[in-house]
Structures are given as C-alpha cells and as structure tokens.
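K.L.:
Chains as they are written, first to last, in our numbering: chain R, 4 to 315; chain U, -7 to 62.
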C-alpha cells in the first residue's frame, strides 16, 4: 500500500472494493477512475449477461443437492448483485411451503397452453393441443371446497373451444426454474349439481419471473435444458464463471490499485536518460557517460517489465 | 428474438468463435488490473489478445494435423 502511485486515488479502498463486488466497475467509478470503471462494467457484466442469455437465464443458481451441487456458483457469485438473488431463491425453493397444490386459496386466471385429452366413442384417448385462458376458483362442494372453472380458447386448427373444468386438480409448486407451471384438471359435463368427467386438461400456465429467476434446476429441468441447448449450456456456464473470476481482479484493483503500477514508470526513468543521451550525441560525452550506460540497459519496452508502485 | 430463432442462429455458428470475445474480455480486464494508464492498458491488452489467439491457433493447427484423414 505504501508504494501506491499518488496519481491513483483509491478514496476509501474497502468501500470501493465493496461497490466493485456489488456492481462490476462501480467501485472504480466511485474512485473517479471512469475509464476502468466503464471497461470493467462492459466487459464483466457483458460476459455475465451473454452467458445468461446463452443459457436461457438458467445457468446461475445455487444448489447443494447431492449430485447436483453447483460449486461454479461461488465463481458466478463474484459478479455481485446480478448473481446474489440465487441465494435467496434457493431458500425460497427449499422452503417446505413450496409444494404443489390440489386446492386454490383464491381465484386463478391465467393464459394456458396444453393438451386436451378426451375419450372418443370407442373409448380411445384423443389428444388435441389447445391454448387460451383458464379461470378456476374454489367453490363449496358436498364434502368441502372444490376447484371449478372453465377454459376458453382454441385448438390447433383454430376452432373455438370452451371447457368446463373441475377436480381432481393439481398445480405445480409456485417456485421452480421452469418457465411454465404445470396444471392438470378434469374436463367435465353436467349441471351445477352433478358433473361427470369426459376428459383431462394438462398443460402449463406462466410462472412469474420472480419465481423462476436463478431458482435451482430440478433434475428434469436440467435434462431439458441440456437437451435444448447442448454445448451452449456448457459455454454459458463458462462465460458466467469467467465473468465472476475476472471481477476478482477488478475488486482487487479497486482495493489495492493496479498491480504493476501506473504503467509509465519505466518511461519516466528512461526519458531523462534518453534526453541525456541525445545531449551526449550533440557533444558533451565525458560528463554523461554513466547515465548513457544506464539508459542502454533500460531501453527494453516500457511495458515489458512489471514494477510495483511508483519508484518515485 | 424468440429462443427458437436464437437457437437456430447459434446452431449455424461454430462455437469456437465464441472464444474470441472471451479472449478480448480477459485481455482487457487482466491488463486493466495491472496498469492504470489507458494507452498502456490497451497496448498490453492487444498484445495479450494476440498471444491468446496465437496459442489457440497453434493448438487448432496441431489438432487439425493430428486429425488429418481420420
């Protein structure tokens, strides 16, 4: 720290390091080192975000499940705020209350995409893709509350479809990595008192971004992602890991200053010597001979040799 | 841009090219953490980038020769 170049103002180094950890480049901007701050922000955040995009936003998560531990997260975590939500999301995901439900607390209305499975006259299952809007709500039944509602939308041929829905009803856990939340219920026919099941509706409703961002992947999600992305999944991981590792260099730079010094120390040493040499070539050789000798030994490119701090 | 289109674009793209931006970023950040002077950072980063790509090219050529006629 004593050898620090006086031209590099680190202000409060620990605060700068903390800011650099939270947002790459922010610590340097706080120190007034705008070029470096911008460079770190663009390079590190750019690499991290590129990895996230390449991995369909599912490569950053923290899991300690046996066989699914993500030690790489400790590297991703060094990017700071963009990766830290994974810690909170892991806690939310592992919360015992995060389970699938077969009863609703209130009304549910959401876009739905899935398959309608109905029985034909010869008792064979017929599957048709449907998409539209699903609305369900708990209603009082003979033996307690039951889930009832309807689906309105269209099938794969564009034909309008309206379905009456009832129990059994299953809805996937609210917090998980997949984009869609699995929903399953029976298609029924009949009046308000008496229903009979004529098929089944299976599909997904959208999961809120906050409930899937940086949430640990389940085994099926991981297999699905590997199947869809292939080698890009691995590359996405590498991008996010490298971004985190690079930010360690940036944090240290914010705390301690540049590792080899300002960068022009050798030039400062050489330039007077070169000037003297030039003066010598003009005539006065005898007085400056030792300096010329030093200069000839230090004429290596200024950037080749690391120096710690400013020699002056 | 939908994921499908993204994946189609990626599928028609050799992943080796994705190492180049990574090499640029590593060169810039590493050099920036060593020095403060902007021109020195850029000069060192350029040199490091050329070293990395040169090494990668050499490895690529060795592998290409070794895999000849396989």
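For glycine and all other residues, C-beta sits at the position ideal for the given N, C-alpha and C.
Treat the numbers as computed from the prediction; the structure is a model and nothing was measured.
#1: Which word fits residue 59/R, buried or exposed, when buried means at least 16 other C-beta atoms lie within 10 angstroms of its C-beta?
#2: Would you say residue 52/U faces chain R, with C-beta separation under 8 Å as the test?
#3: Taking the alpha helix (DSSP H) that residue 31/R belongs to, which residues open and close that run?
#4: Does the CB of residue 220/R have a neighbour CB from chain U at under 8 Å?
#5: Would the region 156 to 175 of chain R and the region 246 to 265 of chain R be scored as touching if the rule is three or more Cβ pairs under 8 Å?
#6: Mind checking whether residue 23/R and residue 254/R have CB atoms under 8 Å apart?
#7: Whole-angstrom Cβ separation of residue 122/R and residue 201/R, contact assumed at under 8 Å?
#8: Please state whether DSSP places residue 64/R in a helix, a strand or coil.
#9: Quick check on the burial criterion: 16 or more other C-beta atoms within 10 angstroms. Buried or exposed for residue 70/R?
#10: By Cβ distance below 6 Å, which residues in the same chain neighbour residue 47/R in space, the five residues on each side in sequence not counted?
#11: Measure the alpha-carbon distance for residue 225/R versus residue 65/R and round it to whole angstroms.
#12: I'd like the span of the alpha helix (DSSP H) that includes residue 55/R, first residue to last.
#13: Should residue 6/U be flagged as near chain R, meaning a C-beta pair shorter than 8 Å?
#14: Per the DSSP calculation, residue 39/R is bridged to which residue(s)?
#15: For residue 178/R, collect the residues of the same chain with a Cβ closer than 7 Å to its Cβ; drop the 5 residues on either side in sequence, then sort them by chain order.
#16: To the nearest angstrom, how far is it from the Cα of residue 5/U to the Cα of residue 235/R?
#17: At a Cβ cut of 8 Å, what residues of the region 252 to 263 of chain R count as close to chain U, listed as they run along the chain?
#18: Where does residue 184/R fall in DSSP's three states?
#19: For residue 180/R, count neighbouring Cβ atoms within 10 angstroms of its own Cβ and tell me buried if that reaches 16, exposed if not.
#20: Verify the CB distance criterion: does residue 266/R have a CB-CB separation below 8 Å to chain U?
P.N.:
Short version:
#1: Within the first chain, residue 59/R is the residue found at index 56, counting from 1. Flag for residue 59/R reads buried.
#2: What you label residue 52/U is simply residue 60 of the second chain in a count that begins at 1. No, residue 52/U does not count as interfacial toward chain R.
#3: As a first step, residue 31/R must be located in the first chain, where it is residue number 28. Unbroken alpha helix (DSSP H) run through residue 31/R: 29 to 33.
#4: The residue you call residue 220/R lines up with position 217 of the first chain. At least 8 Å separates the CB of residue 220/R from every CB of chain U.
#5: No contact exists between the region 156 to 175 of chain R and the region 246 to 265 of chain R.
#6: Counting from 1 along the first chain, the entry for residue 23/R is found at position 20. Counting from 1 along the first chain, the entry for residue 254/R is found at position 251. Against a cut-off of 8 Å, the Cβ pair of residue 254/R and residue 23/R comes out as a contact.
#7: Start at 1 with the first residue of the first chain, and residue 122/R comes out as number 119. Start at 1 with the first residue of the first chain, and residue 201/R comes out as number 198. In this structure, residue 122/R and residue 201/R form a Cβ contact; the two beta carbons are roughly 7 Å apart against a cut-off of 8 Å.
#8: Taking the first chain and counting its residues from 1, one reaches residue 64/R at position 61. Coil, per DSSP.
#9: Here the question's residue 70/R lines up with position 67 in the first chain. In this structure residue 70/R is exposed. Its beta-carbon is surrounded by fewer than 16 other beta-carbon atoms within 10 angstroms.
#10: As a position in the first chain, residue 47/R is number 44, starting the count at 1. Here the set comprises 27, 246, 249, 250.
#11: Here the question's residue 225/R lines up with position 222 in the first chain. Here the question's residue 65/R lines up with position 62 in the first chain. Going from the Cα of residue 225/R to the Cα of residue 65/R covers about 13 Å.
#12: By 1-based counting over the first chain, the position of residue 55/R is 52. Per DSSP, the unbroken alpha helix (DSSP H) holding residue 55/R starts and ends at 49 to 57.
#13: Taking the first residue of the second chain as position 1, residue 6/U is located at position 14. Chain R, which has no Cβ nearer than 8 Å to the Cβ of residue 6/U, makes this no.
#14: Start at 1 with the first residue of the first chain, and residue 39/R comes out as number 36. In the DSSP assignment, residue 39/R forms no beta bridge with any residue.
#15: Against the first chain, residue 178/R aligns to sequence position 175. Excluding positions up to five away in sequence, the list reads 95, 96, 101, 214, 218.
#16: Taking the second chain and counting its residues from 1, the one referred to as residue 5/U is at position 13. Taking the first chain and counting its residues from 1, the one referred to as residue 235/R is at position 232. When rounded, the distance between both Cα atoms is 11 Å.
#17: Residues of the region 252 to 263 of chain R with a Cβ closer than 8 Å to any Cβ of chain U, in chain order: 252, 253, 255, 256, 260, 261, 262, 263.
#18: For this step, residue 184/R is matched to residue 181 along the first chain. Residue 184/R falls in the strand class under three-state DSSP.
#19: If you number the first chain from 1, residue 180/R lands on position 177. Buried, since its Cβ has 16 or more Cβ neighbours within 10 Å.
#20: The residue given as residue 266/R occupies position 263 in the first chain. Answer yes: the Cβ-Cβ gap between residue 266/R and chain U drops below 8 Å somewhere.
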